[in-house]
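Here's the structure, in structure tokens; my notes come after.
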Amino acid sequence: MGLEEIHELQRQRKWMQFCRLIMDSVDKISTEMLLGVFLESVNLIHPRTLCEVFLVLAAKLPPRDGVDLLNKGQETISSCVLYSEDFEAEKAMMEMKKCLLLIGMNEFKGIETRLFEWRRMKMTKDMQAMYNFVGFKLYQGIGNIEASFSHLLKYVKLTNASGLTDTLVEYGMLSKDFFNFTAITSLPCFSNIKSNDLREMFVLFREGNIDELEMMNKKLVEKFGTNSELVKEKMYMIALTNLCFAEREKKIPIRKIEEVLKIPRKVAIYIIMKSLGLKLICGWINGEEDALYFDSLAPRTLQPKEIMEIQGKLGRWRRRIHEVISMLK
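Heads up: the sequence shown is residues 1 to 329, going by the working numbering.
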């Protein structure tokens with residue numbers, strides 16, 4: 001019934017309905033049969049609709065065949081003489097899909113160059129999502145966690161793709177430069193983390209809770225392998241920032257850092273220098289006093305206990321102000 005209906009719409013030249021039914025039938029009718037009837041009419045269909053159908057059908061084919069079909073789609077749109085537009089956005093979307101298929105076959109050559117070229121384009125939201133997904137998959141494939149995470153975070157923000165939440169959290173913990181964990185926890189999809197162990201590790205990691213995360217060391221190593229030491233190093237920097245945040249005098253003896261973080265002096269100095277280099281802490285080491293002085297800290301999300309403490313301070317200040325005002329009356 002489905003194929004006959006598609007042929008009937010073709011005869012009636014109802015191209016929008018014709019294409020919509022083809023896309024709706026990809027799981028019911030063989031891709032080869034749908035392709036056959038679709039390709040008979042490609043020169044009569046609007047390029048934007050063509051792009052949608054080519055993308056859907058290419059996804060149902062083996063990767064190499066999908067690439068060939070998308071090449072044909074780009075050629076078809078380029079040779080269209082019925083419209084004055086150049087439809088660069090549609091051709092770019094098909095090029096991005098081609099890149100995804102090539103990445104899936106471990107063929108990365110030239111794709112990074114294309115990413116840089118696309119950055120100059122004015123993109124719709126759908127294009128931005130596809131662009132960042134290509135970037136995520138490319139850099140994931142070549143092992144560049146930093147770049148892969150950056151593109152993945154943008155992609156998830158645009159699409160709220162819950163299926164990638166675990167990867168996003170894992171890469172956020174591994175990224176050497178990323179400390180804005182609110183950007184992850186504020187996403188609606190954050191509640192969809194599949195791994196309870198990863199969720200627990202991330203919460204402890206974000207809080208700089210060294211003692212409890214150390215108790216999960218075995219699971220940490222199982223999850224991150226040789227990168228588990230990198231995760232621990234980053235956690236120490238978070239713990240140091242939290243320690244600074246709690247200090248009123250903006251000065252911490254290095255011995256105190258050693259004791260609280262439970263690390264030897266050499267490691268404490270290393271963590272301080274890394275934190276200064278990443279601008280998590282703006283300050284300096286006073287060698288004479290053997291202490292860390294700091295002026296400011298990188299913005300961060302407060303924990304409930306810290307919020308309550310600040311509320312308490314504000315309440316006390318408010319009462320003192322009222323007392324002073326009463327005395328002056």
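For each residue, glycine too, the CB sits at the ideal point set by N, CA and C.
- Remark: C-beta atoms of I252 and A291 approach each other more closely than 8 Å.
- Burial is judged here by how many other beta carbons sit within 10 angstroms of a residue's own beta carbon; E90 has at least 16 and is buried.
- Distance between K154 and Y131, taken at the CA atoms: about 10 Å.
- Within the model, the alpha-carbon separation for L34 versus Y83 is close to 25 Å.
- Here the C-alpha atom of G315 lies approximately 33 Å from the C-alpha atom of E259.
- Boundaries of the beta strand (DSSP E) harbouring N286: I281 to N286, taken from the DSSP string.
- Cα atoms of E323 and D166: separation of roughly 52 Å, rounded to the nearest angstrom.
- Within the segment 133 to 219, no complete beta strand (DSSP E) segment of 3 residues or longer occurs.
- Straight-line spacing of the CA atoms in K60 and D27 works out to 9 Å.
- Taking H46 as reference, the option from L69, F18 and L70 with the minimal CA-CA separation is F18.
- Distance from the Cα of L243 is smallest, within the candidate group V267, K223, N217 and I272, for I272.
- By the Cβ neighbour-count rule, I111 is buried, with 16 or more other Cβ atoms within 10 Å of its own.
- Annotation: the continuous beta strand (DSSP E) that includes L297 extends over A291 to L297.
- The alpha-carbon of M23 is positioned some 12 Å away from that of C51.
- Three or more Cβ pairs drawn from the segment 91 to 111 and the segment 134 to 142 lie within less than 8 Å of each other, which places the two stretches in contact.
- DSSP places I103 in the uninterrupted alpha helix (DSSP H) bounded by E88 to G104.
- Around the CB of T31, 16 or more other CB atoms lie within 10 Å, so the residue is classed as buried.
- Just measuring C-alpha positions, the residue of A92, D86 and E85 sitting nearest N71 is A92.
- Shown here, P63 sits in a helix according to DSSP, grouped into three states.
- For I252, no alpha helix (DSSP H) segment is defined; the enclosing uninterrupted segment is the beta strand (DSSP E) at K251 to P253.
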